[in-house]
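S.K.: This is the structure I want to talk about, given as C-alpha cells.
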Ligand SMILES: [Zn+2]
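Numbering (my numbering), first residue to last: -11 to 279.
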C-alpha cells in the first residue's frame, strides 16, 4: 500500500461470520468459506501485509457497533442486536462495549432455546433459529409440502422444485391465505417473541435492535407480537424500559461497523492486556489465574 494512503488510514476492521477469536484475530471456522477455512489468522496477516493495525470481530458484533455509531442504537449503551435472515444472529452490548465472554462466543442469541424440540441447523434442539431462521422456515416449507398440507407450497414446488422452496415462499403463502404457511410463520414469530422475553429478563437491555432480511420483510408483523409478549410477560422493571426497534443500516451494516470497531479497539488500552488475562484464565485453574 502506498505510504500516503497508509498514513490516512487508522486501521482495518474485519467482519466475519463466527466463531472468531477477536483477541488473536483468528477466524476459527466458518462453514460458508469451505472446509479448509479453519483457524485462519486473518487480522494479523492483513495487518502485517498492509502495515496497519487490524481488528477482527464477529459479523453480528460489528453490526451492533455500526447500529450504535450510526443507526438504531445511537445514544444507547446497553442493547442487544438481532439479525433474522438465513440464520438468527445476535450481539450483546453492555456499557457501550461488546460483551464477549472469555472465549468471544457470547451473544449467539439465535441459539437460545425457546422449546424442548425442533432441530436447529447448529445441531442443537429448540433454538430460536430452528423456528424463525430462513433455512428452518424453508425446511418447514418442504415438510409441509411433502405432507400435502399446503396447496400454496405444493404449487410453488411444482414450479421451482421442492428443494428451491425458501422462507419467502412461506411468507407469501401466508399473505395468500394458506393455512399451513400461516402456521409456520406464526410459530416463528411466537418463538421470536418468547426469546425476546428471555433477553429482556436476563439482560435488561434498553433496546432490542432487529435487522436481517426476514425481519426487514416482516416488519411490524415480527416486532409487534414481540413487544406485546414482552409487555405482557417480562419482568416489570426491564419491560418498562426496553424498546424493540428495527435496525436502520440495512445490508451495509458490516461496512458501517468497521469504523467504530477500529476506533474502539485503538482507543481501548485494556483490549490487549484483558485478552492475555482471559487466554491464561482458560488454560489454568481459576485460582492460579488470580495469583
Ligand atoms: Zn442452534
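Built from N, CA and C at the ideal position, the CB exists for glycine as well. All of these numbers come straight from a predicted model, not from anything done at the bench.
According to the Cβ coordinates, are residue 79 and residue 52 closer than 8 Å?
M.R.: Numbered from 1 along the chain shown, position 91 holds the residue referred to as residue 79. Numbered from 1 along the chain shown, position 64 holds the residue referred to as residue 52. Their beta carbons are under 8 Å apart, which means residue 79 touches residue 52 by this criterion.
S.K.: With distances taken Cα to Cα, identify the nearest neighbour of residue 104 among 114, 155 and 4.
M.R.: As a position in the chain shown, residue 104 is number 116, starting the count at 1. For the residues 114, 155 and 4, the minimum Cα distance to residue 104 belongs to 114.
S.K.: For my contact list, residue 228 and residue 64 are in at a C-beta cut-off of 8 Å; report their separation, rounded to the angstrom.
M.R.: As a first step, residue 228 is located in the chain shown; it is residue number 240 there, counting from the start. As a first step, residue 64 is located in the chain shown; it is residue number 76 there, counting from the start. Actually they do not touch by this definition, with Cβ atoms about 16 Å apart.
S.K.: Run through the DSSP bridge pairs and tell me what residue 70 is partnered with.
M.R.: Reading the chain shown from its first residue, position 82 is the one you call residue 70. Paired residues: 78 and 198.
S.K.: Here's a check: name, in chain order, each residue in its chain whose Cβ is nearer than 8 Å to the Cβ of residue 102, leaving out the five neighbours to either side.
M.R.: By 1-based counting over the chain shown, the position of residue 102 is 114. Shown here for residue 102: same chain residues with a beta carbon closer than 8 Å to its own, the five before and five after excluded, namely 114, 115, 116, 119, 179, 182, 183 and 186 in chain order.
S.K.: Return yes when the C-beta of residue 88 is under 7 Å from any heavy atom of ligand 1, and no when it is not.
M.R.: Position 100 of the chain shown holds residue 88. It does not: the Cβ of residue 88 is nowhere closer than 7 Å to a heavy atom of ligand 1.
S.K.: CA-CA distance, residue 277 and residue 154?
M.R.: In the chain shown, the residue the question calls residue 277 occupies position 289. In the chain shown, the residue the question calls residue 154 occupies position 166. In this predicted model, residue 277 has a pLDDT of only 41, less than 50, meaning its place in the structure is not dependable enough to derive any value.
S.K.: Alpha carbon to alpha carbon, how far is residue 130 from residue 151?
M.R.: On the chain shown, position 142 is the one that residue 130 refers to. On the chain shown, position 163 is the one that residue 151 refers to. Spanning the two alpha carbons is a distance of roughly 7 Å.
S.K.: Apart from the five residues on each side of it in sequence, which residues of its chain come closer than 6 Å, Cβ to Cβ, to residue 261?
M.R.: Taking the chain shown and counting its residues from 1, the one referred to as residue 261 is at position 273. At residue 261, the pLDDT of 49 sits below 50, so the modelled position is not reliable; the number obtained from the coordinates is stated separately. Listed in chain order, the non-local C-beta contacts of residue 261 below 6 Å within the same chain number zero, local neighbours out to five positions each way being set aside.
S.K.: Between which two residues does the beta strand (DSSP E) harbouring residue 102 extend?
M.R.: As a position in the chain shown, residue 102 is number 114, starting the count at 1. No beta strand (DSSP E) holds residue 102; DSSP gives it neither H nor E.
S.K.: Measuring alpha carbon to alpha carbon, tell me which of 175, 148 and 38 ends up nearest residue 214.
M.R.: Within the chain shown, the letter at position 226 stands for residue 214. The shortest C-alpha separation from residue 214 is found at 175.
S.K.: Does the beta-carbon of residue 109, which I'm using as the reference point, lie nearer than 7 Å to any heavy atom of ligand 1?
M.R.: Stepping through the chain shown from its first residue, residue 109 is reached at position 121. Flag set: Cβ of residue 109 near ligand 1.
S.K.: Would you call the stretch 87 to 98 in contact with the stretch 135 to 150, where contact means no fewer than 3 C-beta pairs closer than 8 Å?
M.R.: By the Cβ criterion, the stretch 87 to 98 is not in contact with the stretch 135 to 150, since fewer than three pairs of Cβ atoms, one from each stretch, lie closer than 8 Å.
S.K.: Is the closest heavy atom of ligand 1 to the C-beta of residue 112 under 7 Å?
M.R.: Here the question's residue 112 lines up with position 124 in the chain shown. Yes, since a heavy atom of ligand 1 falls inside the 7 Å radius drawn around the Cβ of residue 112.
S.K.: Would you report the Cα separation of residue 205 and residue 59, rounded to the nearest angstrom?
M.R.: Taking the first residue of the chain shown as position 1, residue 205 is located at position 217. Taking the first residue of the chain shown as position 1, residue 59 is located at position 71. The alpha-carbon atoms of residue 205 and residue 59 are separated by roughly 18 Å.
S.K.: By the 10 Å Cβ neighbour count, where 16 or more other Cβ atoms means buried, how is residue 22 classified, buried or exposed?
M.R.: Counting from one through the chain shown, the residue named residue 22 turns up at place 34. The residue is exposed, with fewer than 16 neighbouring Cβ atoms inside 10 Å.
S.K.: Does any heavy atom of ligand 1 sit closer than 7 Å to the C-beta of residue 99?
M.R.: Within the chain shown, the letter at position 111 stands for residue 99. Indeed, a heavy atom of ligand 1 lies less than 7 Å from the Cβ.
S.K.: Helix, strand or coil: which one does DSSP assign to residue -3?
M.R.: Against the chain shown, residue -3 aligns to sequence position 9. Looking at residue -3 - three-state DSSP - the assignment turns out to be coil, as it is neither helix nor strand.
S.K.: From what residue to what residue does the beta strand (DSSP E) around residue 28 run?
M.R.: Translated into the one-based positions of the chain shown, residue 28 becomes position 40. First-last of the beta strand (DSSP E) with residue 28: 26 to 28.
S.K.: Return the chain-ordered list of same chain residues with a C-beta closer than 7 Å to the C-beta of residue 145, the five sequence neighbours on each side being excluded.
M.R.: In the chain shown, counting from the first residue as 1, residue 145 sits at position 157. So the list reads 133 and 153, once near-sequence residues are dropped.
S.K.: Looking only at its own chain, which residues have a Cβ that is under 8 Å from the Cβ of residue 177, when we skip the five neighbours before and after it?
M.R.: Here residue 177 refers to the residue found at position 189 when the chain shown is read from its first residue. Hits under 8 Å: 120, 206, 209, 210, 213 and 214.
S.K.: By the 10 Å Cβ neighbour count, where 16 or more other Cβ atoms means buried, how is residue 166 classified, buried or exposed?
M.R.: Numbered from 1 along the chain shown, position 178 holds the residue referred to as residue 166. Residue 166 comes out buried.
S.K.: Which one of 37, 39 and 47 has the shortest CA to CA distance from residue 7?
M.R.: Here residue 7 is taken as the residue at index 19 of the chain shown, counted from 1. Among 37, 39 and 47, the Cα nearest to that of residue 7 belongs to 47.
S.K.: Enumerate, from N- to C-terminal direction, the unbroken alpha helix (DSSP H) stretches of 4 or more residues contained entirely within the stretch 141 to 191.
M.R.: 155 to 163 and 167 to 191
S.K.: Buried or exposed: where does residue 243 fall if 16 or more other Cβ atoms within 10 Å of its Cβ makes it buried?
M.R.: Counting from 1 along the chain shown, the entry for residue 243 is found at position 255. Flag for residue 243 reads exposed.
S.K.: Taking just the CA atoms, how far does residue 84 sit from residue 255?
M.R.: Mapped onto the chain shown, residue 255 falls at position 267. Mapped onto the chain shown, residue 84 falls at position 96. Roughly 13 Å separates the two Cα atoms.
S.K.: Got a sec: does ligand 1 put a non-hydrogen atom nearer than 7 Å to the Cβ of residue 105?
M.R.: Within the chain shown, residue 105 is the residue found at index 117, counting from 1. No - ligand 1 has no heavy atom lying nearer than 7 Å to the Cβ of residue 105.
S.K.: Compare the beta carbon distance of residue 198 and residue 70 with 8 Å and say whether it is the shorter of the two.
M.R.: The sequence position of residue 198 within the chain shown is 210, counting from 1. The sequence position of residue 70 within the chain shown is 82, counting from 1. Taking 8 Å as the Cβ cut-off, residue 198 and residue 70 qualify as a contacting pair.
S.K.: Rounded to the nearest angstrom, what separates residue 202 and residue 123 at their Cα positions?
M.R.: As a first step, residue 202 must be located in the chain shown, where it is residue number 214. As a first step, residue 123 must be located in the chain shown, where it is residue number 135. Answer to the nearest angstrom: the Cα atoms are 11 Å apart.
S.K.: Just to confirm the assignment, what range does the alpha helix (DSSP H) spanning residue 247 have?
M.R.: Along the chain shown, one-based indexing puts residue 247 at 259. Start and end: 241 to 254.
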